[in-house]
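Take a look at the structure below.
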Amino acid sequence: MSKPSILFFPGSFVLVSLYQPIFDAVSEAGYEIKGIHLPSVGPSSRQGRDGPAPSMYDDAAMVAQEAERLADQGKDVIIIAHSYGGVPVSQAPRGLGKDERKAQGKPGGVVRLAYMTCLVPAIGKSAMDVLSSMPESKPPSTSIDENGWALQEDPAGTARLILQHLSPEEGEAIVRDFAKHSATCFVNELTYAGYKDIPVSYLVCEDDLIGSPEMQRAGIDMIEQVSGRKVDVTSIKSGHCPNLAAKKETIDWILSVAKKAQES
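Going letter by letter, the sequence shown gives residues -19 to -1, 1 to 245 in mature numbering (1 follows the signal peptide of the UniProt record, and there is no 0).
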């Protein structure tokens, strides 16, 4: 059986390059993996794009486009999301599940969604709804320009929330390299839940200060209730960015998800 192809969608503000060591390790293990720069993330450090900021639905359209491209080649596709990426990844795969495509006489399809300490709303809810439902969650300080692009205004403070395993200097330097992100995305409501139709894996990060373990487990419980299936859960001791705080564990998790998808 051929190995599945993996698409990876980063969290808000983050450039794809921050995950490159993870991609390299997964590639060395023999899997095709591609990180995707979402429209809602600016093109470079502390920059937005020209014009009004895109919506979460624009991000979801890109997720769907990338997944369909691989599926049309007859490939099984795993979609992995980190943090905010869980929202467009949940919204995107309508009609792209492997079983749905097979019923239509089409090849390939999405065989698994994998969430890495993600925001996963219910239908009719937004990323902001998920965050506000957990009073212990601590959103970082941002400013929003006239086009709807948000900027991390307190890199040191944000680093203390998401990169607490690093020295303050290292963490602040990483956050200062973040792009701007569309503020609109956080209030766009989910209209389709891919996790209802496609099997799910979830990496719980027990030391996450911005998306608490309680918030993560509430999302898992919701997915199981809506889908009627158990979520494949792995728990690690890491903050919000396991790609930096727990590289080996993150790589092992991705490879485990890929192996399970290949065997199912």
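Built from N, CA and C at the ideal position, the CB exists for glycine as well.
Helix, strand or coil at A6 [DSSP, three-state]: helix
One or two residues paired with R50 in a DSSP bridge: Partner(s): none; R50 has no beta bridge.
Candidates I201, Q85, S(-3), of which the one nearest P102 by Cα: I201
Short Cβ contact (8 angstroms threshold) for I143 with I217: Not in contact: I143 and I217 (Cβ atoms no closer than 8 angstroms).
Same chain, Cβ closer than 6 angstroms to A199, neighbours up to 5 away in sequence not counted: Nothing listed; no residue qualifies.
Alpha helix (DSSP H) runs wholly inside the stretch 167 to 211, at least 4 long, in chain order: Correct list: 175 to 178, 194 to 208.
Contact test: S107 Cβ vs the ligand GDP heavy atom, cutoff 7 angstroms: Among the components modelled here there is no ligand, and therefore nothing to report on the ligand GDP.
CB contact flag (A174, I104, <8 angstroms): yes
Backbone secondary structure at D80 - three-state DSSP: helix
Exposure of G29, with buried meaning 16 or more beta-carbon neighbours within 10 Å: By the 16-neighbour rule on beta-carbons within 10 angstroms, G29 is buried.
Through-space distance from P74 to V68, alpha-carbon basis: 11 angstroms
Identity of the residues DSSP links to I125 by a beta bridge: A131
Whole-Å CB distance - L171 paired with S8, under 8 angstroms assumed: Between L171 and S8, the beta carbon gap of about 31 angstroms keeps them out of contact (Cβ cut-off 8 angstroms).
Identity of the residue in K228, S64, G32, K79 nearest V111 by Cα: The shortest Cα separation from V111 among K228, S64, G32, K79 belongs to S64.
For residue 284, the nearest candidate out of F(-12), S113, S36, D188 (CA to CA): As displayed, the chain neither begins before -19 nor continues past 245, which places residue 284 out of reach and without an answer.
Close Cβ partners of E47 (< 8 angstroms) along its chain, the five nearest in sequence each way excluded: L(-13), K15, I17
Per-residue DSSP class, three states only, for S163: strand
Cα-Cα separation, A131 to I125: 4 angstroms
Where the beta strand (DSSP E) containing V101 begins and where it ends: In the DSSP assignment, V101 falls outside any beta strand (DSSP E) and carries neither an H nor an E.
Whole-angstrom C-beta distance between P121 and A137, which should lie under 8 angstroms: About 10 angstroms; that fails the 8 angstroms criterion.
S182 classed as buried or exposed, judged by whether at least 16 other C-beta atoms fall within 10 angstroms: buried
Beta-bridge partners of S(-15), as assigned by DSSP: V58
Those residues which DSSP pairs with K218 across a bridge: Answer is none; K218 lacks a bridge partner.
Distance between D158 and E151 (C-alpha atoms, nearest Å): 11 angstroms
Residues near K106 by beta carbon distance below 8 angstroms, same chain, minus five either side: E170, L171, listed in sequence order.
K15 (DSSP reduced to helix, strand or coil): strand
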